[in-house]
Amino acid sequence: MTDEILTLKEVEEYLKLNDKTAYRLAAEGRLPGFKVGGSWRFRREDIQQWILDKKAVMSCAQ
0 MTDEILTLKE
10 VEEYLKLNDK
20 TAYRLAAEGR
30 LPGFKVGGSW
40 RFRREDIQQW
50 ILDKKAVMSC
60 AQ
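Residue numbers for the sequence shown follow numbering that gives the first Met the number 0, beginning at 0 and rising by one.
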């Protein structure tokens, strides 16, 4: 388990998203994150769990 904190830019690179998409997902509450002083931050383990959850939904839909 790691408590590594990522910036929005790091999450964009990690997920291969453009900046507008990553920001929109975070602002809509669809990407697990929190704001610190007006800047988005994300726990790496939350992002990894979000990916696993998305994979599970996709598997169930097929």
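Virtual Cβ for every residue (Gly too), placed ideally from N, Cα, C.
As the structure is a prediction and not an experimental result, all values here were calculated from the model.
Contact belief for residue i with residue j at Cβ below 8 Å, rounded distance in angstroms
i, j, result
"Tyr22", "Leu5", "Not a contact, Cβ separation roughly 14 Å."
Host alpha helix (DSSP H) of residue i (start-end)
i, result
"Arg29", "First-last for Arg29: undefined, no H or E at that position."
"Lys34", "That residue, Lys34, is in no alpha helix (DSSP H); its beta strand (DSSP E) goes 33 to 35."
Residues near residue i in its chain [Cβ-Cβ closer than 8 Å; skip 5 each side]
i, result
"Gln48", "Pro31"
"Leu16", "Val10, Leu24"
Where residue i falls, given that 16 or more other Cβ within 10 Å makes a residue buried
i, result
"Ala55", "exposed"
"Phe41", "buried"
Nearest candidate by alpha-carbon position, reference residue i, set the options
i, options, result
"Asp2", "Gly36, Arg29, Glu12, Asp45", "Asp45"
Cβ-based neighbour list, residue i, same chain, cut-off 6 Å, excluding 5 preceding and 5 following
i, result
"Lys19", "none"
"Leu14", "none"
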